[in-house]
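Novice: Taking UniProt numbering, the leading residue of the sequence shown gets 1, the next gets one more, and so forth.
Here you go, one structure.
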Amino acid sequence: MSKMIIGIQGGKGSYNDVAIQKYLEDNNIHDHKIIYLNNTEDVLEKLRLKQITHGQFATKNSIGGPVEETVEALKKHTNLGAGIIILSEYEIPIAHCLMCHQSASLDTITEIRSHSQTFLQCKENLEASFCHLKQVPGKGAYLDPARIAQGISEGEFGENIATLSNPKIADLYDVKIISGELQDREDNITTFQLVLLNDQP
1 MSKMIIGIQG GKGSYNDVAI QKYLEDNNIH DHKIIYLNNT EDVLEKLRLK QITHGQFATK
61 NSIGGPVEET VEALKKHTNL GAGIIILSEY EIPIAHCLMC HQSASLDTIT EIRSHSQTFL
121 QCKENLEASF CHLKQVPGKG AYLDPARIAQ GISEGEFGEN IATLSNPKIA DLYDVKIISG
181 ELQDREDNIT TFQLVLLNDQ P
């Protein structure tokens, strides 16, 4: 088998990263390279251009339902004639925490930026404990919460901005956890697909 070059819908430390690392470990795959992309659209575009050999993205969540970003990207690329083959589908458990800049605190935070799907998974707990904080879905290069956490740490955002995601990214990007276990249910599961380009005529 030739080297797998895998583009994933998320940054280093994201749940996409957790999912692909688990897949590689479970299948004893060592010859690979992971390309961290911003969203499903970027994954499918790199796949169509054959700049990666495989793509991975989240498709649905047990609380939030279908991942709309992925649904829309798949529709667009199907219309372009870029079909895909699903190589594997797998699930991982998801937990979310609220994170901010090391110099910030709950008193100084005014806004949470994260993936729209993350807000759906934490809707009830956010309404109960953080209803005063504005919820802003990430966009473009900052669609993925891991990338947002990196931006918070590196001063790309004001210290009033927090993000909501995998607690493991706190150490990775030197951000501070101020509240944990914000998913509405313990059995919060996300399904991911690993795909190939269907380039058969």
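C-beta atoms are modelled at their ideal positions from N, C-alpha and C, and glycine is treated no differently.
What does a CB cutoff of less than 7 Å around residue 205 pick up in its chain, not counting 5 residues either side in sequence?
Specialist: In the structure as shown, the chain begins at 1 and stops at 201. Residue 205 is therefore absent and cannot be evaluated.
Novice: Starting from residue 61, trace the beta strand (DSSP E) both ways and give me its first and last residue.
Specialist: Translated into the one-based positions of the sequence shown, residue 61 becomes position 61. Here the beta strand (DSSP E) through residue 61 covers 54 to 61.
Novice: Just tell me which of 50, 41, 114 has its CA closest to the CA of residue 74.
Specialist: Stepping through the sequence shown from its first residue, residue 74 is reached at position 74. Of the listed residues, the one whose Cα sits closest to residue 74 is 41.
Novice: Between residue 20 and residue 191, what straight-line distance do the alpha-carbon atoms span, to the nearest angstrom?
Specialist: Residue mapping note: residue 20 aligns to position 20 of the sequence shown, counting from 1. Residue mapping note: residue 191 aligns to position 191 of the sequence shown, counting from 1. Roughly 12 Å between the two C-alpha positions.
Novice: Determine the direct distance from the alpha carbon of residue 35 to that of residue 115, and round the result to whole angstroms.
Specialist: Start at 1 with the first residue of the sequence shown, and residue 115 comes out as number 115. Start at 1 with the first residue of the sequence shown, and residue 35 comes out as number 35. Their backbone Cα atoms lie some 19 Å apart in a straight line.
Novice: Could you give the uninterrupted runs of the alpha helix (DSSP H) lying entirely in the segment 70 to 142, keeping only those of 4 residues or more?
Specialist: 116 to 121, 123 to 129
Novice: Since residue 195 is in the beta strand (DSSP E), which residue starts that stretch and which ends it?
Specialist: As a working note, residue 195 is residue 195 in the sequence shown. Residue 195 -> beta strand (DSSP E) spans 189 to 198.
Novice: Between the alpha carbons of residue 180 and residue 199, how many angstroms are there, rounded?
Specialist: Within the sequence shown, residue 180 is the residue found at index 180, counting from 1. Within the sequence shown, residue 199 is the residue found at index 199, counting from 1. For residue 180 and residue 199, the distance between alpha carbons rounds to 44 Å.
Novice: Please classify residue 17 as buried or exposed, where buried requires at least 16 other C-beta atoms within 10 Å of its C-beta.
Specialist: One-based indexing of the sequence shown puts residue 17 at position 17. Buried is the call here.
Novice: Note down the Cα distance separating residue 66 from residue 60, rounded to an integer number of angstroms.
Specialist: Start at 1 with the first residue of the sequence shown, and residue 66 comes out as number 66. Start at 1 with the first residue of the sequence shown, and residue 60 comes out as number 60. Straight-line Cα distance between these residues: approximately 4 Å.
Novice: What's the gap between the Cα of residue 117 and the Cα of residue 159?
Specialist: Translated into the one-based positions of the sequence shown, residue 117 becomes position 117. Translated into the one-based positions of the sequence shown, residue 159 becomes position 159. Going from the Cα of residue 117 to the Cα of residue 159 covers about 23 Å.
Novice: According to DSSP, is residue 10 helix, strand or coil?
Specialist: Indexing the sequence shown from 1 puts residue 10 at position 10. Per DSSP, reduced to three states, the secondary structure at residue 10 is coil, with no helix or strand assignment.
Novice: So, with DSSP's three-state summary, where would you put residue 29?
Specialist: Looking up residue 29 in the sequence shown gives position 29. Coil, per DSSP.
Novice: For the alpha helix (DSSP H) holding residue 3, just list the boundary residues, first then last.
Specialist: The residue given as residue 3 occupies position 3 in the sequence shown. Note, residue 3: premise wrong, no alpha helix (DSSP H); not H, not E.
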